[in-house]
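Just so you know, we're using this note's numbering here: the sequence shown kicks off at 2 and counts up by one.
Every residue, glycine too, gets a C-beta built ideally from N, C-alpha and C.
Here the structure is a predicted model, which is why all the values come from computation and not from measurement.
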Amino acid sequence: MTSSPRPASTKEAARDGRGGGSAMALFVIASCQLMVVLDITIVNIALPDIQRSLDFSTASLSWVVNAYTLTFGGLLLLGGRAGDILGRRRVFIFGVLLFVLASLLGGLAQNAGQLLAARALQGVGGAIASPTSLALISTTFREGPERNRAFGVFAAVSAGGGAIGLLAGGILVEWLNWRWVLFVNVPIGLLIALATPRHIKESERHPGRFDVTGALTSTAGMVLLVYGFIRAAQDGWRDTLTLVSFAAAVVVLVAFVLLERRSAQPITPLHMFADRNRAGTYGIMLFLAAALFGMFFFLTLFVQNVLGFSPLEAGLAFLPVSAVIAVSAGMTSRFLPVYGPKPFMVAGGLLAAAGLAWLTLTDVHSTYAGSVLGPMLVFSFGMGMEFVSLTLMALSDVPVQETGAASGLLNATQQVGGSLGLSILVTMYGTASRNEAEKQVPLFLQQATPAQRTEFQRTGELPGRWGAEVLTSGVTAAFIAAAVSAGLAALVAVVAIQVRRSDLERLQGGGPGAPPG
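Structure (structure tokens):
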């Protein structure tokens with residue numbers, strides 16, 4: 002009876018001759034990640050048109066976004082582990098094709114139920130493809146400068162995809178119609194699926210008993226947790242279903258941890274948290290995701306409702322975000338082998354916090370060039386530094402057969418952090434805007450025309466400059482909380498992350514027997 006080979010780390014995989022990925026392989030992987038990430042924001046611009054076309058109520062409209070977020074966040078761990086066991090290229094292609102099918106069905110939807118089902122199916126495809134694409138970088142590119150550059154591109158796409166989604170959504174809605182924010186995924190996804198076998202080699206399969214119980218409990222726990230955050234943002238933290246969702250999530254996730262500790266082949270190896278740097282990385286991602294989601298959400302409201310930008314103009318306003326993140330990510334990936342990830346994690350968090358703090362100075366008289374562009378660029382530069390460092394550290398020295406699980410965990414941390422953070426920011430926004438409304442309503446009633454008063458009684462929404470004051474007050478409060486969240490990310494980096502010689506050697510591609518970079 003032959004013994005099982007010792008698990009190979011990503012560094013050992015490079016020594017064995019695996020890796021050496023091509024530019025086309027990176028383009029295919031990054032294109033998939035861009036498609037999945039931008040789909041979180043590309044639909045936002047189209048929501049008013051979707052509401053009119055399919056007769057959504059205002060309350061149910063948010064589920065066009067939430068149906069995707071819920072399944073995407075809930076199934077990430079399962080998707081990452083599936084690639085480890087079944088082969089990453091195979092699972093990657095399946096996830097992309099499922100995403101394509103769901104996008105086509107969503108674009109053809111004739112009623113609200115059909116669209117929500119399609120959006121949920123999109124989330125399933127994204128949860129399969131996204132962690133697998135990140136894991137493919139670890140097994141396709143050699144450790145050292147080659148992989149650092151690949152991670153830099155991947156991180157830039159992950160962090161900047163939201164801004165690109167806003168621009169793409171604005172263009173498609175303004176020039177075509179809302180259905181094209183979904184149809185556009187079909188040709189892109191098919192090209193990715195066709196190009197993958199030509200440019201990406203299949204990873205080594207690591208067959209074994211699939212942890213079905215772990216998969217079910219992790220998925221159920223993540224879905225309940227994400228749903229709880231979504232519910233809290235909509236109906237408050239005291240809502241019965243919010244509290245029940247969180248309580249159930251705690252019970253299921255505790256059961257998941259206990260089951261994983263006893264499992265011989267767990268879906269999420271808990272020993273990954275034993276590494277101080279990797280555990281710190283997950284904590285940093287939680288705080289940064291809250292800041293990132295908050296910046297996009299509230300700044301989109303501000304530029305459209307206060308500055309008066311059209312959907313296309315709003316999309317163009319965010320274009321510098323992607324450009325600056327790409328520059329920052331490229332610079333960071335070049336200097337990481339010299340200084341290690343910690344300085345970039347700390348500096349990135351501080352820059353992001355500074356940019357968000359600067360945004361708190363906006364008011365109803367602000368302009369895009371004078372008050373929004375500068376802080377947005379500072380924030381983006383910090384996020385580019387962070388995402389490269391976090392991605393590298395999360396997958397550093399992870400055994401090859403566990404890279405999918407590690408990738409899924411990093412993605413899941415981002416989704417949970419974003420959902421949790423956004424729900425907290427929305428709560429702060431609501432409190433501050435209600436307080437400001439109490440000041441503005443008497444002023445409005447003194448100065449409003451009879452027609453304006455009639456409209457206010459019908460909708461409950463303050464028009465014009467009064468409404469702008471209310472929204473700006475709420476957005477400012479949200480940016481304060483987001484700045485604190487980014488600052489906490491920098492603090493975790495200071496306390497938890499260590500610069501170790503072994504990490505620098507891996508980043509440089511050094512060590513005995515390692516191939517030249």
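{"Check": "Give the secondary structure of Arg-263 by DSSP, where H, G and I count as helix, E and B as strand, and everything else as coil.", "Outcome": "helix"}
{"Check": "Taking Tyr-69 as the reference, which of Val-227, Ile-201, Tyr-369 has the closest Cα?", "Outcome": "Val-227"}
{"Check": "Can you tell me whether Trp-179 is helix, strand or coil according to DSSP?", "Outcome": "coil"}
{"Check": "Per DSSP, what kind of secondary structure is Leu-76 in: helix, strand or coil?", "Outcome": "coil"}
{"Check": "Please find out if some non-hydrogen atom of the ligand MG comes closer than 7 Å to the beta-carbon of Gln-415.", "Outcome": "Among the components modelled here there is no ligand, and therefore nothing to report on the ligand MG."}
{"Check": "I believe Ala-47 touches Val-174 by the beta-carbon criterion, under 8 Å. Please report the beta-carbon distance rounded to the nearest angstrom.", "Outcome": "5 Å"}
{"Check": "What is the DSSP secondary structure of Asp-85, reduced to helix, strand or coil?", "Outcome": "helix"}
{"Check": "Quick check on DSSP: helix, strand or coil for Pro-342?", "Outcome": "coil"}
{"Check": "Have a look at Thr-455 and Arg-435 and give me their C-alpha separation to the nearest angstrom.", "Outcome": "21 Å"}
{"Check": "Tell me whether the beta-carbon of Ile-201 lies closer than 8 Å to the beta-carbon of Thr-133.", "Outcome": "no"}
{"Check": "Please report the distance separating the alpha-carbon of Val-496 from that of Gly-350.", "Outcome": "13 Å"}
{"Check": "CA-CA distance, Pro-443 and Glu-470?", "Outcome": "13 Å"}
{"Check": "Check each candidate in Ala-395, Gly-170, Ala-353 and name the one with the smallest Cα separation from Gly-375.", "Outcome": "Ala-353"}
{"Check": "Output the boundary residues of the alpha helix (DSSP H) element that contains His-200.", "Outcome": "186-200"}
{"Check": "First and last residue of the alpha helix (DSSP H) that includes Leu-35?", "Outcome": "24-43"}
{"Check": "By alpha-carbon positions, which one of Phe-247, Phe-345, Leu-109, Phe-230 ends up nearest to Ala-291?", "Outcome": "Phe-230"}
{"Check": "Can you grab the Cα-Cα spacing for the pair Leu-393 / Phe-274, in whole Å?", "Outcome": "15 Å"}
{"Check": "Mind checking Pro-342: buried by the 16 CB within 10 Å criterion, or exposed?", "Outcome": "buried"}
{"Check": "Using a threshold of 8 Å, state whether the C-beta atoms of Leu-260 and Thr-218 are closer than that.", "Outcome": "yes"}
{"Check": "Could you check the C-alpha separation between Leu-426 and Ala-479 for me, to the nearest Å?", "Outcome": "5 Å"}
{"Check": "Sort Arg-90, Gly-419, Gly-153 by Cα distance to Ala-330 and report the nearest one.", "Outcome": "Gly-153"}
{"Check": "How would you call Gly-422, buried or exposed, if buried means at least 16 neighbouring beta carbons within 10 angstroms?", "Outcome": "buried"}
{"Check": "Let me check understanding here. Comparing Cα to Cα, which of Leu-396, Leu-313, Pro-198 lies closest to Gly-166?", "Outcome": "Leu-313"}
{"Check": "Applying the 10 Å Cβ sphere with the 16-neighbour rule, what's the burial state of Gln-499?", "Outcome": "exposed"}
{"Check": "If we call anything under 8 Å between Cβ atoms a contact, is Gly-84 one with Ala-128?", "Outcome": "no"}
{"Check": "In this structure, does DSSP put Leu-362 in helix, strand or coil?", "Outcome": "coil"}
{"Check": "Residues in its own chain within less than 6 Å of Phe-57 by CB, not counting five upstream and five downstream?", "Outcome": "Ala-113"}
{"Check": "What are the start and end residues of the alpha helix (DSSP H) that includes Asp-50?", "Outcome": "48-55"}
{"Check": "Keeping to the same chain, check which residues put their C-beta closer than 7 Å to that of Ile-43; ignore five residues upstream and five downstream.", "Outcome": "Gly-166, Ala-169, Gly-170, Val-182"}
{"Check": "In the DSSP assignment, find the unbroken alpha helix (DSSP H) run with Arg-277 in it and report its ends.", "Outcome": "277-306"}
{"Check": "Looking at Phe-257: is its Cβ nearer than 8 Å to the Cβ of Gly-215?", "Outcome": "yes"}
{"Check": "Got a sec? Which residues, its chain only, sit under 8 Å from Gly-431 by beta carbon, not counting five neighbours each side?", "Outcome": "Gly-475"}
{"Check": "So what's Trp-64 in DSSP terms, helix, strand or just coil?", "Outcome": "helix"}
{"Check": "Rounded to whole angstroms, what's the CA-CA distance from Ser-381 to Val-29? Just pull it up for me.", "Outcome": "24 Å"}
{"Check": "Please go through the same chain and pick out, in chain order, the residues whose beta-carbon is closer than 8 Å to the beta-carbon of Ile-193, but skip the five residues on each side of it.", "Outcome": "Val-29, Ser-32, Cys-33, Met-36, Val-97"}
{"Check": "Starting from Gln-123, follow the alpha helix (DSSP H) in both directions and report where the run begins and ends.", "Outcome": "113-141"}
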